[in-house]
Amino acid sequence: MVTDSSTLRQKYRQSVKRALPQKIKSFKLEPPYRFEVTLRKTQMIDMAFRISGVAKKDDATVSFEVDEHITGYRTFLGGRVIAPANYLVRKPC
């Protein structure tokens with residue numbers, strides 16, 4: 003059965019209205035935002051300390067707090083780049 007796009011849009015809107023009969027409140031966290039990341043290798047934790055504000059929680063976990071979520075995201079991404087960098091360092095035999 004072939005249906006034109008305006009009919010499909012109308013059916014789509016009706017389906018959405020049935021599925022979401024009431025407005026959903028958006029989820030919001032209040033700052034400060036705390037990030038905790040568990041790393042596999044102790045060398046990765048050592049490299050993560052090169053990032054300002056990162057603290058060691060336990061033998062496998064580092065954490066940091068930020069006031070803006072975008073700063074936390076950028077710090078997390080920076081950690082993903084820096085932490086595994088120890089594998090690129092050539093070690094003497």
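Residues 3 to 95, numbered by our numbering, are exactly what the sequence shown covers, in order.
Note that the Cβ used here is the ideal one computed from N, Cα and C, for glycine as well.
Are the beta-carbon atoms belonging to residue i and residue j less than 8 Å from one another?
i    : j   : result
T63  : E32 : no
S139 : R42 : One cannot answer for residue 139 here, as it falls past the ends of the chain, which runs 3 to 95.
T77  : I53 : yes
Considering only residues of the same chain and omitting the five flanking positions on each side of residue i, which have a CB-CB separation below 6 Å?
i   : result
P34 : E67, D69
Thinking just about the alpha-carbon of each residue, which of the options is nearest to the one in residue i?
i   : options       : result
T73 : I84, G55, M46 : G55
G81 : D60, R15, T40 : T40
H71 : I84, K30, V83 : K30
Quick one: grab the DSSP three-state call for residue i.
i   : result
R36 : strand
A21 : helix
S65 : strand
K27 : coil
K43 : coil
Work out the CA separation of residue j and residue i for me, nearest whole Å.
i   : j   : result
L79 : M49 : 13 Å
T44 : D61 : 7 Å
F51 : K59 : 12 Å
A21 : K27 : 15 Å
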